[in-house]
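Notes follow the structure.
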Amino acid sequence: VTSDEEDDDEEEEAAARARNAEADDVDDLEEDWSDDDLEDETFLERVAALKEIVPLETRDFMSRQADRFISTVWQIKSMAGSLAWVISTSALMIGVPLVFEIERENMFVQYEKEMNLQQQSMQPMAPGAP
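Residue numbers for the sequence shown follow full-length UniProt numbering, so the first one is 1 and each next one is one higher.
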């Protein structure tokens, strides 16, 4: 066996040991942070922990942004409601009378057709007709 092959074998063994050490570290971390610990922590406790982690300036900025977002959503909702009200009442005020007028016009046209048919049936027949 040559020295190059021995060096390659030693490098492979060192790499394998490093991988095993990393795997052991991950296993140790998993043991430290078990799911049991997380289940005991409530949502409010997690939020309180974030309060300690996140700086005051960042929390204030996030709070202002959330307030601005909520305010914008409420304004859009209000404007959409007003727009829907204007459109629906306008449609009712214009549409309903229009529908009644169209129906009345159709009835009048039908009445005229019936009158024309009656007049044609009442006219005397031409002389010499059986």
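Think of the CB as a built atom: it goes at the ideal place given N, C-alpha and C, for glycine as much as any other residue.
Near residue i, which residues of its chain fall below 8 Å by C-beta distance, leaving aside the five closest residues on each side in sequence?
{"i": "Arg59", "result": "Lys51"}
{"i": "Met107", "result": "none"}
{"i": "Asp40", "result": "none"}
How about residue i and residue j: are their beta carbons less than 9 Å apart?
{"i": "Ala73", "j": "Met62", "result": "This sequence places Val at residue 73; Ala is not what is there. No. Outside cutoff."}
Going along the chain, which unbroken runs of the alpha helix (DSSP H) with 4 or more residues stay wholly within the segment 55-130? 56-122
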